[in-house]
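Student:
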Amino acid sequence: MRAGLDDERGAGSVLALAIVGGVVALTVGLVPVLAVHVHSQRAANAADAAALAAADAISGAVAGEPCALADQVARRNGARLASCEEAEGGVASVSVAVGVLGLEVSARARAGPPPELSRRGSR
Numbered sequence: 003m004r005a006g007l008d009d010e011r012g013a014g015s016v017l018a019l020a021i022v023g024g025v026v027a028l029t030v031g032l033v034p035v036l037a038v039h040v041h042s043q044r045a046a047n048a049a050d051a052a053a054l055a056a057a058d059a060i061s062g063a064v065a066g067e068p069c070a071l072a073d074q075v076a077r078r079n080g081a082r083l084a085s086c087e088e089a090e091g092g093v094a095s096v097s098v099a100v101g102v103l104g105l106e107v108s109a110r111a112r113a114g115p116p117p118e119l120s121r122r123g124s125r
């Protein structure tokens with residue numbers, strides 16, 4: 003019976019290497035996914051800020067051309083302004099892009115004055 007136990011030497015090392023290999027593989031697989039998620043949040047934040055800046059310029063709250071301000075704010079937030087439109091009613095619509103791992107993550111946002119209350123909803 004003792005000879006059978008001697009045959010098991012090193013089995014713990016193989017198991018430990020397999021576990022470490024699995025953890026490394028999981029980490030290597032998750033890092034790009036998490037990087038894309040972080041950059042998508044950055045794109046969303048940049049789009050929100052750029053749309054608010056453009057809407058402020060449309061309303062006259064700040065001086066400047068709306069899309070130029072949106073571009074400036076997007077760049078300060080690590081994004082590139084992909085599109086900017088001024089809609090009726092003082093609404094600004096922007097789209098931004100952020101590069102990550104050779105890909106481009108984009109986000110859109112709209113900002114403007116609150117919609118008027120309908121007569122039915124107000125008393």
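Heads up: the sequence shown begins at 3 in the numbering used here, then just goes up one per residue.
Note that the Cβ used here is the ideal one computed from N, Cα and C, for glycine as well.
#1: Report the three-state DSSP secondary structure of Gly101 (helix, strand or coil).
#2: According to DSSP, is Ala63 helix, strand or coil?
#3: Would you report the Cα separation of Val100 and Ala46, rounded to the nearest angstrom?
#4: Of all the CB atoms in chain C, is at least one closer than 8 Å to the CB of Ala13?
#5: Who are the near neighbours of Asp73 in its chain, counting only those whose CB is closer than 8 Å to its CB and skipping five residues on each side?
#6: Under 8 Å between the Cβ atoms of Val96 and Arg110?
#7: Determine the burial state of Gly114: buried for a count of at least 16 other Cβ atoms within 10 Å of its Cβ, exposed for fewer.
#8: Measuring CA to CA, which of Ala27, Gly12, Gly80 is closest to Val40?
Tutor: Straight from the coordinates:
#1: Looking at Gly101 - three-state DSSP - the assignment turns out to be strand.
#2: Coil.
#3: Between Val100 and Ala46, the alpha-carbon positions lie close to 10 Å from each other.
#4: Absence of chain C from the displayed structure is noted, only one protein chain being present.
#5: Cβ neighbours of Asp73 beyond the five flanking positions: Ala52, Leu83, Cys86.
#6: Cβ distance < 8 Å, so Val96 and Arg110 count as in contact.
#7: Residue environment: Gly114 is assigned as buried (16 or more neighbouring CB atoms within 10 Å of its CB, all protein chains considered).
#8: Out of Ala27, Gly12, Gly80, Gly80 has the C-alpha closest to the C-alpha of Val40.
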